[in-house]
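Residue numbers (the numbering used here), protein chains in the order written: chain A, 549 to 977; chain B, 70 to 371; chain C, 2 to 317. Ideal Cβ placement from N, Cα and C applies to all residues, glycine included.
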Amino acid sequence: MGKRLLLASSVAAILAFSASAEAKTVIKMMHQGDPGWVAAYGDLAKRFEAENPDVDIELIYAPHDAYNEKFSAAVMAKQLPDIMELDAPFLANYVWSGYLAPIKDVIDADVLSDMTESNIAQGTYAIDKQLYAIGLTDSSVVLYGNRKYLEKIGARIPKSVDDAWTREEFEANLEKLSKVEGVKWPIDTFRGYGIKTEWITYAYSPILQSAGCDLIDRKSWKSEGMLDSQPCVDAMTMMQNWVNKGWVVPQSSGTNQFYAEGHPAALALGGHWFYAEAAAAMKDDVVVMPLPKFGAKGASPDGTWIWGITTASKHPDIAGKFVSFMLKDKAYRDYAKSQSAYPGLKSFAAESPLYAPGGALAVAFEQASKTAVPRPPHPAYPAITAAYMQAVDKIFNKGDVKQALSDAAQKIDEDIADNDGYPPFNGEQ
Amino acid sequence: MSDTALASAPLAQPAKVPAIRRKRFNAYRAIQAASMLIIALVIVSPLFLLAVASLKDDRFQILADMGTFRAFWVSNPTLANFAEVAHFSGELAFGRYLLNSLIILFATVVGGLVVNSMAGFVLAWGSLRGRAVILALVIALYVIPQESIIMPLVIMVSRAGITDGFAVQIVPWIASPLYTFLFYQFFAQLPKDLFEAAEMDGASVFRVYRSIFLPLSLPALATVSILMGIEAWNQYLWPILVTQTDYARPISVAIATFFGQDSIFWDRAMAASVLMMLPILAFYLAFQRWFVSSFVGSAIKG
Amino acid sequence: MSMSSAGAAATAAQRPAPRKGARRDRIRLFQEMGMLAPAVILMTVFLIAPFILSFWTAMTNQPLVPRPTPVRFVGLANFIRIFNDPLFWTALWNVTRFTIWIIPVQCGLAFLTALLLHQKIPFRNLFRGLFFLPAITSMVVVCVIWATLFQYPTGPFNQILGFLSFGMIQPIDWLGDPNWAMFSIVLLSAWQAYGFQMIIYLAGLQGISEELYDAARIDGANALQRFWNVTMPGLRPTHVFVLVITTIQAFKLYTQVAILTQGGPKNSTETVVHYMVRIGYEEQKLGYASAVSVILFLIVLVIALLQRFLLRRYDV
């Protein structure tokens, strides 16, 4: 009897507690990030709750390496949050699958008009041209150089995107650097990140686009005839040659060869975030240059982790309010700045001396408006990137280039066929 | 069999045996201890790298040192990283994640010991028909990799409404084919006389299990406790998938924050990894004392 | 009564149940079922049920997360596609290779350390702690450490090799050379996991009666003879258990590969579970991935049962 009474009263207590909690609107936000970001989101939620006492922000953290699994689990358990952080190239897949809602109407107008072109591009769905996600930040890849080595070979140091090295210039410089004393490898392309990381598609596919081809034809959405076309085969053969000549830091040599003792790598094809690491060790000896032009035009990657509102949200307006609040929040921006975040909002760019004209990463920011090409905004993207990664691994290990690329193209087209062409991407309405 | 012959040989003059042993005691022991120390050093040396890195203050320095012998050396050690980890900036205090992990560990181990040892006992000594089939099935179940059932399992627990708490992190992993198999193996090795003698005295099956077989199974209980404890301690993907809030999050997930997307906080990640090893090491040391020598034999003789 | 004859007597199926009245038998049966029930119920719910679900999923084109396209029954199409994918066969060959290598290395190391720790030596508890440290280190940290040790060309392993061979041996790209990568994974895995088998061996060694050793000594057996005639026969069931468990674990190889080599270079470390996860999570083809897991289950089941069958006479 006593036990039963205790049980009954505790059930009553729980019910009473949940009733009081239900009086507030709960907005759930799923995110990743290191301890600094986790703390920043926590503080942000508290500030928002202070201003909006009727809202309760619930943060759902998932580590970076398990984020996709967490997302899938949330979908299947019907526990999608209101707001979710997502990697931009996967946006088309999520929208097509029906998980994301358009956000234009729920985000503050001043935030929307503040977005850079590249930020709009990464958040837009190709079919209805609507905005589905927004971020404070964006990203890019640049060519880092060791000033001492570059001076030794007398290389020209480009000042802006417009006078980026050409392919001939770049390969000639690699050749020269390979003979400089102290240089073990002319370039680090960060193979150390691994062979199954988004880095490969993110950082290497602009080389294809600059060379005049792509991962997939963005009109017909067919990969065969594009990824295995001659320009792509040439471009990947070029990269294979760098590897075969021993010019590229091998995969198992880590990601620190640019600034490790003795500075064994002379150049580094690295993300904007790499600057902090390199500058910490090498100070002014780090030169930031635009990505080389491998064909008629330059190309650079963009896209990062941005915020979308899910179709599961019962309060998209409040979710939108929180996202707007976040993007304008000063402390949040300050933390982003301290992480040398790449600006995705114009006002944030103005506050970021690192990316302003004259700043160390000014060239990186210039690329966003001049050469940035988003990764293929197609729901087959998960299959596209997986196939390309595999091809790159084969090619870098002396595999047949043409064969590797056509295998990848075939895999991509097979995935599209498996999904009936991802209508309406196949032209059907 | 030769050992049967040996066993049945008369135990003549048992008093002399220790005397013979004592003579070679010192030199032999010294060589033994020295060689043990060398083997231990070789085995443990990779972990110096972890300990050393956790004492370095600069994460970029840790990165720059990696891949050379400098990774094994720290010039000005500091405990700053440990202090920073203790001031962890998640939703909960770092100590709370530790407590969550301990709760999950103990509940899983206690439940696992009871459930798996009972099953193993029945499979070894029960009178149920088809025990051999069940045993084969149990081994078969161990073949299933966690990766292949985790998604269906997520759907199941969410449909059942048991998400976000301790129960969902404990209950699914209590019954384990591996440890049922291990208990079976151990119980089946115990002599038949034990079982029959007890049954003659009119003890029920459960009583035989509880009062006679379990007390004789300290090594098996210790083994399973330790192995299950490590498994529970290092659970990673499952808690991420089934917990929504921080309330019941284990320490393994909390530590994952240090391994970020663009920037890995090597200094704190290393310190946190060291911290995470300490409780499970204490747990192991506590249980390995149960490996006491040869009580089985004396129990039968006595 | 000696251990081995007792063990042989315990061969459960042949042991006649004592006849003491039907009522008593019934009570006993109920008690046994009651003791078995928790494990059976929990395993049914949390292992068998989800696995049966994946049998069904394997016959469909179900994506990882629901999509606007309909889920279709595709019969054995997934299985046919798997058997036609050379990568699957590569993965299967790789885990077979891994298993063949890891069993002697890991079990040998475990057996050796267990034998050492079983002796009465000074600071035994300290050594037991030290020897077990790798097993309690999380795999992520183990991989970080070993990536440093393996680093090419200036990592500690390469420097030691260079030093010992007076520079004759060129640096080895342990994780980056298709010929070396799986071997490197074997080394790392054995180091990380031998503690698991070690404590099973330790428990097994405890089960051998001290009287057997005493009797052997009296018969004039030296240490080596005692090892061959007492320790080894006494550990026979443990050896079989460890062999079966290690084989199954080896076939499930995933975490190290996912963190360190992701199946590369040139698919030389692709494993069946890694292949399955790659297809299931990255390419989001849950149906196809489920079919892989069904095939893996059947293959390993056959091997495990075959092992038990072949080693039956050594088993308890």
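key: Bounding residues of the beta strand (DSSP E) (the contiguous stretch that carries I854 of chain A)   = According to the DSSP assignment, I854 of chain A belongs to the beta strand (DSSP E) that extends over 853-858.
query = For N694 of chain A, which of helix, strand or coil comes out of DSSP?
reply = Strand.
inquiry  = Checking 8 Å against the spacing of the C-beta atoms, do P238 of chain C and Q254 of chain B come in under that value?
reply    = Taking 8 Å as the Cβ cut-off, P238 of chain C and Q254 of chain B qualify as a contacting pair.
message = At the level of alpha carbons, what is the spacing between L210 of chain B and I49 of chain C?
response = Cα to Cα, the separation comes out at about 8 Å.
Local conformation of L893 of chain A per DSSP, three classes = For L893 of chain A, the three-state secondary structure derived from DSSP is strand.
query = Who are the neighbours of G136 of chain B on chain A, taking C-beta pairs under 8 Å?
reply = By Cβ distance, chain A contributes S801, G802, N804, A808.
query = Nearest to A908 of chain A by CA position, among A:P838, A:K946, A:A965, is which residue?
reply = Each of A:P838, A:K946, A:A965 was checked against the Cα of A908 of chain A, and the nearest Cα belongs to A:P838.
message = If I measure Cβ to Cβ from G742 of chain A and keep anything under 8 Å in the same chain, skipping five residues before and after, which residues do I get?
response = These residues qualify, in order along the chain: Q799.
key: Same chain, Cβ closer than 7 Å to A111 of chain C, neighbours up to 5 away in sequence not counted   = Taken in chain order, the residues that qualify are Y195, Q198, M199, Y202.
task = Name, going along the chain, the residues of the region 173-200 of chain C whose beta-carbon falls closer than 7 Å to a beta-carbon of chain A.
result = Within the region 173-200 of chain C, the residues whose Cβ lies closer than 7 Å to some Cβ of chain A are D174, W175, L176, G177, P179, listed in chain order.
message = Give the list of continuous alpha helix (DSSP H) stretches no shorter than 4 residues that lie fully inside the region 109-162 of chain B.
response = Given a length threshold of 4 residues, each whole run of the alpha helix (DSSP H) inside the region 109-162 of chain B is given here in chain order: 128-134, 149-155.
request  = Whole angstroms is fine: what's the gap from L131 of chain C's alpha carbon to D270 of chain B's?
outcome  = Between L131 of chain C and D270 of chain B, the C-alpha separation is close to 45 Å.
request  = Give the C-beta separation of M577 of chain A and P629 of chain A to the nearest angstrom, bearing in mind that I take them to be a contact with Cβ-Cβ under 8 Å.
outcome  = Confirmed, Cβ separation roughly 6 Å.
key: chain C contact for W644 of chain A (CB, 8 Å cutoff)   = Residue contact check for W644 of chain A against chain C: a CB pair falls below 8 Å.
query = R228 of chain B: buried (16+ other C-beta within 10 angstroms of its C-beta) or exposed?
reply = Answer is exposed; the Cβ neighbour count stays below 16.
Sequence ranges, alpha helix (DSSP H) only - wholly within the region 904-972 of chain A, length at least 4 = With a minimum length of 4 residues, the unbroken runs of alpha helix (DSSP H) contained wholly in the region 904-972 of chain A fall at 910-918, 929-944, 949-966.
key: Coil, strand or helix - F190 of chain B by DSSP   = In this structure, DSSP gives F190 of chain B a helical state, which the three-state scheme calls helix.
ask   = Of all the CB atoms in chain A, is at least one closer than 8 Å to the CB of S144 of chain B?
value = No, no contact with chain A.
From A:H579, A:F638, A:A588, A:P637, residue whose alpha carbon lies closest to that of K885 of chain A = Of all alpha-carbon atoms in A:H579, A:F638, A:A588, A:P637, the one lying nearest the alpha-carbon of K885 of chain A is that of A:A588.
ask   = Q357 of chain B versus chain A: which residues are under 9 Å apart at the beta carbon?
value = Near Q357 of chain B there are no residues of chain A at all, since even the closest Cβ is about 32 Å away, more than 9 Å.
task = Indicate whether at least one CB of chain A lies closer than 8 Å to the CB of L310 of chain B.
result = Closer than 8 Å: yes.
key: Closest Cα partner of S55 of chain C within the set B:L171, B:S196, B:E216, B:A99   = When C-alpha distances from S55 of chain C are compared across B:L171, B:S196, B:E216, B:A99, the shortest belongs to B:E216.
Length-filtered (4 minimum) alpha helix (DSSP H) runs lying within the region 230-284 of chain B = Counting only runs of 4 or more, we get 236-239, 246-258, 261-269.
request  = Kindly indicate which three-state DSSP category A564 of chain A falls into: helix, strand or coil?
outcome  = Confidence at A564 of chain A is low in this model, with a pLDDT of 48, below 50, so the placement of that residue should be treated as unreliable; the coordinate-derived value is given next. Taken through DSSP and simplified to helix, strand or coil, A564 of chain A comes out as helix.
Chain A contacts from the region 49-74 of chain C (Cβ-Cβ distance under 9 Å) = Sequence-ordered contacts of the region 49-74 of chain C with chain A read N62, P64, L65, V66, P67, R68, P69, T70, P71 [C-beta pairs closer than 9 Å].
query = Apart from the five residues just before and just after D762 of chain A, which ones in its own chain have a Cβ nearer than 7 Å to its Cβ?
reply = Only L756, M774 meet the Cβ criterion.
query = Is the CB of S123 of chain B under 8 Å away from at least one CB in chain C?
reply = Not closer than 8 Å to any Cβ of chain C, the Cβ of S123 of chain B fails to qualify, so no.
query = In terms of alpha-carbon separation, which member of B:S114, B:T232, B:N185, B:V202 lies closest to P135 of chain C?
reply = Closest option to P135 of chain C, Cα to Cα, is B:S114.
Nearest candidate by alpha-carbon position, reference I349 of chain B, set B:Q313, B:F327, B:M297 = Taking the Cα of I349 of chain B as reference, the smallest distance to any Cα among B:Q313, B:F327, B:M297 is reached at B:M297.
query = Going along chain B in order, which residues have a C-beta closer than 7 Å to the C-beta of A828 of chain A?
reply = Within chain B, the residues placing a beta-carbon under 7 Å from that of A828 of chain A are F129, ordered along the chain.
request  = Please list the partners that K267 of chain C has in chain A, where partner means a Cβ-to-Cβ separation under 7 Å.
outcome  = Going along chain A in sequence order, the residues near K267 of chain C (Cβ under 7 Å) are D941, K942, N945, G947.
Beta-ladder partner(s) of P64 of chain C, from DSSP = The secondary-structure analysis by DSSP pairs P64 of chain C across a beta bridge with C:K286.
Cβ distance (whole Å) where M187 of chain B is taken to contact A40 of chain C below 8 Å = About 7 Å; that satisfies the 8 Å criterion.
inquiry  = Quick check on the DSSP output: what are the complete beta strand (DSSP E) runs of length 3 or more inside the region 128-214 of chain C, in order along the chain?
reply    = Annotation: the region 128-214 of chain C contains no complete segment of the beta strand (DSSP E) (minimum length 3 residues).
query = Can you list the residues of chain C that T292 of chain B reaches, using a CB-CB cut of under 7 Å?
reply = Below the 7 Å Cβ cutoff, chain C contributes I200, I201, A204 as neighbours of T292 of chain B, in chain order.
task = Kindly indicate the opening and closing residues of the alpha helix (DSSP H) around H579 of chain A.
result = Counting along the chain, H579 of chain A sits inside no alpha helix (DSSP H); it lies in the beta strand (DSSP E) bounded by residues 573-579.
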